[in-house]
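Chains as they are written, first to last, in our numbering: chain B, 1 to 331; chain V, 1001 to 1331.
Written below as structure tokens is the structure these notes are about.
There are 2 protein chains.
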Amino acid sequence: MANAVPMVELWRGELLESTHQGHAVICNGQGEITAAWGDPGRVIFPRSSCKMLQALPLVESGAADAVGLTPAQLALSCASHQGAALHVGAVRDWLTGLGLAESDLRCGSHEPYDRAERDRLIRAEEGPCQYHNNCSGKHAGFLTYSRHIKAGPEYVDPDHPLQRAIRAAFEEVTGETSPGFGIDGCSAPNFATTVAGLARAMGWFAAARETGDARARAAHRLTRAMAQFPDFVAGEGRACTELMRAMEGRVALKTGAEAVFVAILPEQDLGIALKIEDGSTRASEAAIVGLLVHLGVLDPDHPAARKRLNAVQRNWRGMETGIVKLAPGFL
Amino acid sequence: MANAVPMVELWRGELLESTHQGHAVICNGQGEITAAWGDPGRVIFPRSSCKMLQALPLVESGAADAVGLTPAQLALSCASHQGAALHVGAVRDWLTGLGLAESDLRCGSHEPYDRAERDRLIRAEEGPCQYHNNCSGKHAGFLTYSRHIKAGPEYVDPDHPLQRAIRAAFEEVTGETSPGFGIDGCSAPNFATTVAGLARAMGWFAAARETGDARARAAHRLTRAMAQFPDFVAGEGRACTELMRAMEGRVALKTGAEAVFVAILPEQDLGIALKIEDGSTRASEAAIVGLLVHLGVLDPDHPAARKRLNAVQRNWRGMETGIVKLAPGFL
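Quick look at the structure:
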């Protein structure tokens, strides 16, 4: 098994402070690996980076169209949103429109990442609700599918028909039998695959067209929805949103916990998957920026890119303290 | 140069999700390395883990006694506190007692880590002030020394007499000429040394007694103050505070940003320094717990230890998702 390779470095003054190693694979639409770093066979949990795979049954079954989901709602079904008023309101309206309620969700509650909404809750002496969970859009999609097929309410149970449908789609598009699953932060099963398997899935998404079969058409719609509604996929200030805006709808991006990042590049017929061994998001964001610049689809001087790679670090008084850059030899 | 070695793993379900590598050294009071993992010669920034070194001039100069600093204030001078009411009030009282003000600090402001104080500020629509900075106790010590020697107000300037005194003390007790410095989050210079140098300094602190010279007596007082006032060194829920309480005053501990951790064990005449390559605090906390258990000074089943090593991870709904454990072969 190959080892992880150095990908990202944090320098302070003239000295190397911290280093990050990882694995990355680029696949084309035929599932062929066109470039790889580290160990393509490293088995990983994609975590939230595979939300567009988890949304395939919602779209290909016709459940999404049966209730008239909009592209913004499809983007939200693939989101790790930050619980801003925009996201909370959209999920609430979605469920209310289906005759469902917050209590039907099974994602749990956590304080929203969005500062304004967090402060509003604190001032109102309100706790967060399940709508604030970063995965509530995915769960709204889960509930929509589950209601469509008239399945039971415990939709995060690994034996629930929804999760079986997700596993089948996941294994087909990764081209691998999943070696197992873990329970994600939002309580849904998260199926494992290799970095190569995840990249293969992203390459397949990149190649999916409106003229394909039901699954391919679903993938095409989800990719377009994500790229066209980047504010619904994450939120203001976040990597996925800012970088998708910077690439003006040409690329769909998704981060996952523990430093996974994926990209779908339909114009290049390429998909990317990467995992930083140590789970550090600052490194996965810097590495995906590096790879997108390497492939010529992102301007390295765009503020959204600069913020994450070759980013000057400043302290509380605005003094320069260091810089985040790519490790020598990576790219 | 030796490589970092695997130290900590995060498992999800039955699969390895993320891994952390690092360097660790144990030194005795004579500066001899008694055990090492990874590269003892890795040059690091100790960050906040060297606050007891930065407090040496304050005590050995007589500045602390000239204004009657208490052991709790000495602990605060070595703290990365969480800006709770306890800490903010203590720093305010300290400076006010010296005829100084918040505006004399040069640490900058950031939102306090303490949840109750954070929420109080938000409800009051107040921004944080410099007292909330986790380093404000260290800076109160800096101001106390600077006032004592009648030096200028820009005490974080690397050429200020305070910083020159810190560098001299730092180089003596690490036994190394520092290869340079970086600017820390709080704007103070942070002098670099090797992991072995930092461990040597911790061994020297462990061996320091009341019967030694002025520097050794200062080290002895600072170690005792930290171990006896753990709530002033960090705060409720934090690793340094909870683990020092668990060891009932027998060991002084200090964390530093980018995953540095040190320990001073006077009864064993040993000091520990460790650095996780990727800067992850969850890993430095797990690794220091592992080393303290390994040396027989911490009960692995104490809740403060269990919270950080062999800790079952749970999601927002309380479901078990995984575990943090030591890498095979480390300890």
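Just so you know, even glycine gets a beta-carbon here, dropped at the ideal spot from N, CA and C.
The structure presented is a predicted model; accordingly, all values stated were derived computationally and were not measured.
Asked, Found
"At a CB-CB cut-off below 8 Å, which residues of chain B make contact with V/D1119?", "I122"
"Using only the alpha-carbon positions, how far apart do V/G1279 and V/Q1021 sit?", "10 Å"
"Closer than 8 Å is the cut-off here; do at least three beta carbon pairs connect the stretch 1183-1191 of chain V with the stretch 1150-1165 of chain V?", "yes"
"Less than 7 Å separating the beta-carbons of V/C1240 and V/V1251?", "no"
"For B/G203, name the three-state secondary structure that DSSP assigns.", "helix"
"B/N133 versus chain V: which residues are under 9 Å apart at the beta carbon?", "W1316"
"Taking contact to mean at least 3 C-beta pairs separated by less than 8 Å, is the stretch 44-53 of chain B in contact with the stretch 82-101 of chain B?", "no"
"Is DSSP giving B/V297 helix, strand or coil here?", "coil"
"When you compare only the Cα positions, how much space is there between V/G1197 and V/A1219?", "16 Å"
"Exposed or buried, what is B/R103 when buried is set at 16 or more other beta-carbons lying within 10 Å of its beta-carbon?", "The sequence as given places Ser at residue 103 of chain B; Arg does not occur at that position. Label assigned to B/S103: exposed."
"Which same chain residues end up closer than 6 Å to B/Y155 when comparing Cβ atoms and leaving out the 5 residues on each side of it in sequence?", "F142, S146, L162"
"Skipping 5 residues on each side, what residues in its chain have a beta carbon closer than 7 Å to that of B/M1?", "With a pLDDT of only 45 at B/M1, under 50, the local geometry of the prediction cannot be trusted, and the value read off the model is given with reservation. Excluding positions up to five away in sequence, the list reads D39, G41."
"What residue range does the alpha helix (DSSP H) around V/M1226 cover?", "1214-1228"
"Just to confirm my understanding: we take B/A286, look at its own chain, exclude 5 residues before and 5 after, and list those with CB closer than 6 Å. What are they?", "V8, R308, L309, V324"
"Using DSSP with H/G/I as helix, E/B as strand and the rest coil, what is V/C1027?", "strand"
"So which residues of chain V does B/F191 contact, with C-beta pairs closer than 7 Å?", "Under the 7 Å cutoff, chain V gives no residues; its nearest Cβ is about 10 Å from B/F191."
"Would you call B/G174 buried or exposed, if buried means 16 or more other Cβ atoms sit within 10 Å of its Cβ?", "It should be noted that the sequence gives Thr, not Gly, for residue 174 of chain B. Buried."
"Please tell me whether V/A1063 and V/L1076 are closer than 7 Å, where the distance is taken between their beta carbons.", "no"
"Do we get a CB-CB distance below 7 Å when we pair B/I323 with the residues of chain V?", "no"
"Should B/F45 and V/R1092 be called a contact, given that it needs their Cβ atoms to be closer than 7 Å?", "no"
"Which residue from B/E14, B/L16, B/C27 puts its Cα closest to that of B/L274?", "B/C27"
"What's the call for V/S1150, buried or exposed, on a 16-neighbour Cβ count within 10 Å?", "In the sequence on display, residue 1150 of chain V carries Lys and not Ser. That one is exposed."
"Assign V/G1137 to one of three DSSP states: helix, strand, or coil.", "helix"
"May I have the straight-line CA-CA distance separating B/G97 from B/A66, to the nearest angstrom?", "13 Å"
"Closer than 7 Å, Cβ to Cβ, to anything on chain D: give me those residues from the stretch 1-23 of chain B, in chain order.", "In the structure shown, chain D does not exist; the protein chains are B and V."
"If you count every other CB in all the chains shown that lies within 10 Å of the CB of V/G1296, and 16 or more means buried, which is it?", "exposed"
"Quick check on the burial criterion: 16 or more other C-beta atoms within 10 angstroms. Buried or exposed for V/G1271?", "buried"
"Please return the same chain residues whose Cβ sits closer than 6 Å to the Cβ of V/A1206, not counting the five positions on each side in sequence.", "G1029, I1264, L1265, P1266, D1269, L1270, G1271"
"Cutting at 8 Å between CB atoms, please list the residues of its own chain near B/E320, excluding the five before and the five after it.", "V312, Q313, R314"
"With a floor of 4 residues, list each alpha helix (DSSP H) that falls wholly inside the stretch 111-168 of chain B, ordered by position along the chain.", "115-123, 136-148"
"Whose C-beta lies closer than 6 Å to the C-beta of B/A72 among residues of the same chain, with five residues either side of it excluded?", "F229, F232"
"Does B/F261 come within less than 7 Å of chain V when only Cβ atoms are used?", "no"
"Would you mind sorting B/N3 into buried or exposed? The rule is 16 or more other CB atoms within 10 Å of its CB.", "exposed"
"Return the first residue and the last residue of the beta strand (DSSP E) that B/K307 is part of.", "Neither: B/K307 is in no beta strand (DSSP E) and is coded neither H nor E."
"Grab me the residues of B/A35's own chain with a C-beta within less than 7 Å of its C-beta, minus the 5 sequence neighbours each way, in chain order.", "I26"
"Within the 7 Å Cβ cut-off, does B/F45 reach chain V?", "yes"
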